[in-house]
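Notes to accompany the following structure.
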Amino acid sequence: MKIAILPGDGIGPEIMEQAVRVLNCLDEPFEMETALVGGAGYEAHGHPLPDATLALAKAADAILFGAVGDWKYDKLERSLRPEQALLGLRKQLGLFANLRPAILYPELVGASSLKPEIVSGLDILIVRELTGDIYFGQPRGVRSAPDGQFKGQREGFDTMRYAEGEIRRIAHVGFQAAQKRSKRLTSVDKANVLETFQFWRDIVTEVHKEYQDVALDHMYVDNAAMQLVRAPKNFDVIVTGNMFGDILSDEAAMLTGSIGMLPSASLNERNQGMYEPSHGSAPDIAGKDIANPLATILSAAMMLRYSLNKPKQADRIETAVKKVLTQGFRTVDIHEAGTTRVGTREMGDAVVKALAA
Ligand code: NAD
Numbered sequence: 001m002k003i004a005i006l007p008g009d010g011i012g013p014e015i016m017e018q019a020v021r022v023l024n025c026l027d028e029p030f031e032m033e034t035a036l037v038g039g040a041g042y043e044a045h046g047h048p049l050p051d052a053t054l055a056l057a058k059a060a061d062a063i064l065f066g067a068v069g070d071w072k073y074d075k076l077e078r079s080l081r082p083e084q085a086l087l088g089l090r091k092q093l094g095l096f097a098n099l100r101p102a103i104l105y106p107e108l109v110g111a112s113s114l115k116p117e118i119v120s121g122l123d124i125l126i127v128r129e130l131t132g133d134i135y136f137g138q139p140r141g142v143r144s145a146p147d148g149q150f151k152g153q154r155e156g157f158d159t160m161r162y163a164e165g166e167i168r169r170i171a172h173v174g175f176q177a178a179q180k181r182s183k184r185l186t187s188v189d190k191a192n193v194l195e196t197f198q199f200w201r202d203i204v205t206e207v208h209k210e211y212q213d214v215a216l217d218h219m220y221v222d223n224a225a226m227q228l229v230r231a232p233k234n235f236d237v238i239v240t241g242n243m244f245g246d247i248l249s250d251e252a253a254m255l256t257g258s259i260g261m262l263p264s265a266s267l268n269e270r271n272q273g274m275y276e277p278s279h280g281s282a283p284d285i286a287g288k289d290i291a292n293p294l295a296t297i298l299s300a301a302m303m304l305r306y307s308l309n310k311p312k313q314a315d316r317i318e319t320a321v322k323k324v325l326t327q328g329f330r331t332v333d334i335h336e337a338g339t340t341r342v343g344t345r346e347m348g349d350a351v352v353k354a355l356a357a
């Protein structure tokens, strides 16, 4: 079982160190190899996704990714910015399915901006298509407007598109995830306005015929955004396109109060996956030993479950995380009066200790 470890920038190396410690406690024959990515890759090799890093990622069964980015790279041309490493890895490895759970741990109910009765017990999964849609559609660019009221002026444009096969494969991921949970799937689209998403709705409805045990409903994205804050527990699994999923998964993340707690998985057709926390590189707190490592540790648990076929070890890590929360350990982002404030490394220590118990 070969794991590529890509810590990245900002808090990436600090939180990754704790996840690797946790993996090392499991007594499994993992082969872990570390490589530079993002700003760190650019500094060392002139590119955010150096060839050696890409080769390692391709050869691995799974990739554990920290975070990339720093404001100091904002002036670089787009293709050299740290975030391009993520897009490159998704595209090169065909990571088309992004799974983002949003779980509210009972101990953290006070961290949510919603009332406890609306949000307590929240446990939803957003399945976001990751390699298509308006983010990758061609043509795109800035040109002279060919028609309309502003004809001849400069205009920016992008292309929204989804091929049938792209919709089918993400729909299958959504239905299969629903089968493993409460057998309810909500497909989110904008079929009332966009041709692409009327087509999306038609194809998802067709794929549903293969999953008659799952109840499917369709919802427009504007309504879904509203329902997520009005009655989030009405959802179980949501499947949606790249752009809508980008926005809704961040909204769902914030329902849980701390982005420092949320893992994510991006899978390809062979179940090879990249696992990473939902947050960014947090340059504002980098190097201070205060970042929350739990999202990265929980990402390692998802990796064990989805790519390395070690569900029991995944359960062990998740149970250990629940235990340290019950014990009252909190990093600064989730700290409340009456709990014990700990740093990044101390939180790692607590999880390691809970695993050993
Ligand atoms: P961010 O997620 O890095 O930080 C947002 C806020 O949350 C900050 O106040 C930060 O201190 C806090 N935070 C984030 N993770 C935390 C953790 N584990 N523990 C405690 N607090 C945490 O988002 P941003 O500030 O918008 O972006 C910073 C950089 O990260 C940018 O360069 C951006 O492009 C990049 N970014 C990378 C990824 C990725 O690598 N997947 C995702 C989003 C943003």
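In my numbering, the protein residues as written are 1 to 357.
Glycine is no exception: its CB is placed at the ideal position from the N, C-alpha and C atoms.
{"query": "Uninterrupted beta strand (DSSP E) stretches inside the stretch 248-321 (no shorter than 3 residues)", "result": "263-267 and 273-277"}
{"query": "DSSP-derived helix/strand/coil call for Leu64", "result": "strand"}
{"query": "Residues of its chain near Val109, where Cβ-Cβ distance is below 6 Å and the 5 sequence neighbours each way are ignored", "result": "Pro116 and Ser120"}
{"query": "Ile3 (DSSP reduced to helix, strand or coil)", "result": "strand"}
{"query": "Collapsed DSSP secondary structure at Tyr73 in the structure displayed", "result": "helix"}
{"query": "Contact under 7 Å by Cβ, Val214 with Phe157", "result": "no"}
{"query": "Touch test, the stretch 61-74 against the stretch 28-47, Cβ-Cβ under 8 Å, three pairs minimum", "result": "yes"}
{"query": "One or two residues paired with Gly8 in a DSSP bridge", "result": "Ala67"}
{"query": "Among Leu262, Met16 and Arg201, nearest to Leu104 - alpha-carbon criterion", "result": "Leu262"}
{"query": "Spatial distance of Met226 from Glu31 (CA atoms)", "result": "45 Å"}
{"query": "Ala291 Cβ short of 6 Å to ligand 1 heavy atom set", "result": "yes"}
{"query": "Delimiting residues of the beta strand (DSSP E) encompassing Phe157", "result": "Arg154 to Phe157"}
{"query": "Ile126 CB to nearest heavy atom of ligand 1 below 6 Å", "result": "no"}
{"query": "Beta-carbon proximity check, Ala62 vs Ser264, cutoff 7 Å", "result": "no"}
{"query": "Residue from Glu107, Asp315, Ser187 and Thr344 whose Cα sits closest to the Cα of Asp239", "result": "Residue identity check: residue 239 is Val in the sequence provided, not Asp. Nearest option by C-alpha distance: Ser187."}
{"query": "Through-space distance from Lys2 to Ala59, alpha-carbon basis", "result": "8 Å"}
{"query": "Proximity of Phe96 and Met274 at Cβ, strictly below 7 Å", "result": "no"}
{"query": "Contained beta strand (DSSP E) runs [length at least 3] in the stretch 169-237, N- to C-terminal order", "result": "184-189 and 215-220"}
{"query": "Neighbour-count burial assignment, Glu129, 16 or more Cβ in a 10 Å radius", "result": "buried"}
{"query": "Strand pairing of Ser79, partner residues [DSSP]", "result": "The partner list for Ser79 (beta bridge, DSSP) is empty, contrary to what the question assumes."}
{"query": "7 Å CB neighbourhood of Ala35 in its chain, flanking five on each side removed", "result": "Ala4, Leu6, Ala52, Thr53 and Leu56"}
{"query": "Residue nearest to Ala111 in terms of C-alpha spacing, selected from Glu269, Gly94, Met160 and Thr339", "result": "Thr339"}
{"query": "Cross-strand partners of Ala102 (DSSP beta bridge)", "result": "Ile124"}
{"query": "Cutoff 8 Å; reference Trp368; Cβ partners in own chain excluding five residues on either side", "result": "Here the chain has residues from 1 to 357 only, and residue 368 is not among them."}
{"query": "Cβ neighbour criterion (16 or more within 10 Å) applied to Ser281", "result": "buried"}
{"query": "Terminal residues of the alpha helix (DSSP H) in which Thr34 lies", "result": "First-last for Thr34: Glu31 to Thr34, but that is the beta strand (DSSP E), not the alpha helix (DSSP H)."}
{"query": "Proximity test, His279 beta-carbon vs ligand 1 heavy atom, cut-off 6 Å", "result": "yes"}
{"query": "Cβ-heavy atom distance, Gly156 to ligand 1, below 6 Å", "result": "no"}
{"query": "Boundaries (first-last residue) of the alpha helix (DSSP H) holding Arg143", "result": "No alpha helix (DSSP H) contains Arg143, which is instead part of the beta strand (DSSP E) from Gly141 to Ser144."}
{"query": "Arg345 - DSSP class collapsed to helix/strand/coil", "result": "helix"}
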